[in-house]
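> Structure incoming, see below.
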Amino acid sequence: MKSPVVKRSIVVAGHKTSVSLEEAFWNGMKEISSLRNMTLSELVGEIDSNRQQGNLSSAIRLFVLDYFRTRAMPAAAPDAPRPQA
Numbered sequence: 001m002k003s004p005v006v007k008r009s010i011v012v013a014g015h016k017t018s019v020s021l022e023e024a025f026w027n028g029m030k031e032i033s034s035l036r037n038m039t040l041s042e043l044v045g046e047i048d049s050n051r052q053q054g055n056l057s058s059a060i061r062l063f064v065l066d067y068f069r070t071r072a073m074p075a076a077a078p079d080a081p082r083p084q085a
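Throughout the sequence shown, residue numbering follows UniProt numbering, covering 1 to 85 in sequence.
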């Protein structure tokens, strides 16, 4: 059975490194970098420089998850009823 994790080499801040991610995360990264008009390497470099801890693959997964989760949330409408406490 083929592993869903794909290992790829990428240059981050001038250094070649390998990152193992599922294909869905690679596709998400490509979409985000395209929308931001930046290369995949630039996006990974940004994620790498902003991560607090953990490995790069985990930081990328969390970044992609957060990006799409944030986009999926509807903006709070000013006239929307507020839940009662």
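For each residue, glycine too, the CB sits at the ideal point set by N, CA and C. Only a predicted model underlies this, so the values are computations on that prediction, with no experimental measurement involved.
1) Which same chain residues, not among the five before or five after G45, have their C-beta less than 7 Å away from its C-beta?
2) Please report how far the alpha carbon of Q53 lies from the alpha carbon of I60, in whole angstroms.
3) So what's T39 in DSSP terms, helix, strand or just coil?
4) My output table needs one value for R8: the three-state DSSP class, helix, strand or coil.
According to the data block:
1) When the five nearest sequence neighbours on each side are left out, the beta carbons in the same chain lying within less than 7 Å of the beta carbon of G45 are those of V12 and A13, in order along the chain.
2) When rounded, the distance between both Cα atoms is 12 Å.
3) Here T39 sits in coil by DSSP.
4) In the displayed model, R8 falls within a strand according to three-state DSSP.
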